[in-house]
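Residue numbers (my numbering): 9 to 119. Backbone N, C-alpha and C fix where the C-beta goes; we use that ideal spot for every residue, glycine too.
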Amino acid sequence: YCPRCHAFMENAIPVLQETFGEYLTINLYDIEDPNENNIEKYAEEVMKLEGFDESLTGYAPFIVFEGLFAKIGYDDGTVDYYIDDIKRAIRHEKLGSFLDVDGNRFLFKES
């Protein structure tokens, strides 16, 4: 029922799939589904993030680019920024500033 989640699924996922092809695996979880343990999966991912703001727990979409970064929220027209940051993260470069304007982008903890 989340309009931002649906916008991400309809507008961003196809572009991400086209850009990254077989290198991209997409898992979608409904954290409001009581029949699944998706909220536990959400919590597990949150624990891997550096400086996660606990007040954001449960906000969606919670978009995780495993090992690179996670972002809470999505606005139409920002998929190019996601692509740019994914490419930067893969090259171990500093991420762009646009996706972190609202402070809802988090890096993974160093292992």
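Identified DSSP bridge partners for residue i
i: Ile80; result: Phe70
i: Phe116; result: Leu57
8 angstroms contact criterion, which residue i and residue j should meet: CB distance rounded
i: Ala97; j: Phe77; result: 6 angstroms
Cβ pair residue i, residue j closer than 8 angstroms
i: Leu115; j: Glu44; result: no
i: Val87; j: Val23; result: yes
i: Leu32; j: Gln25; result: yes
i: Asp84; j: Asn19; result: yes
i: Ala82; j: Phe28; result: Reading off the sequence, residue 82 comes out as Tyr, not Ala. Contact: no.
i: Lys117; j: Lys79; result: no
Between the CA atoms of residue j and residue i - distance to the nearest angstrom
i: Asp92; j: His14; result: 22 angstroms
i: Asp108; j: Ile94; result: 13 angstroms
i: Pro122; j: Arg113; result: Outside the modelled stretch of the chain, which goes from 9 to 119, sits residue 122, for which no answer is possible.
i: Gly104; j: Leu64; result: 21 angstroms
i: Tyr89; j: Glu101; result: 14 angstroms
i: Tyr50; j: Ile21; result: 19 angstroms
i: Ala68; j: Gly75; result: 19 angstroms
i: Glu62; j: Asp38; result: 19 angstroms
i: Pro42; j: Glu48; result: 11 angstroms
i: Glu52; j: Asn46; result: 10 angstroms
i: Ile60; j: Phe106; result: The amino acid at residue 60 is misidentified as Ile; the sequence shows Phe. Cα to Cα, Phe60 sits roughly 18 angstroms from Phe106.
i: Arg99; j: Ile34; result: 21 angstroms
i: Gly66; j: Tyr9; result: 14 angstroms
Cutoff 8 angstroms: residue i Cβ touching any chain C Cβ
i: Gln25; result: The structure shown contains no chain C; it is built from a single protein chain.
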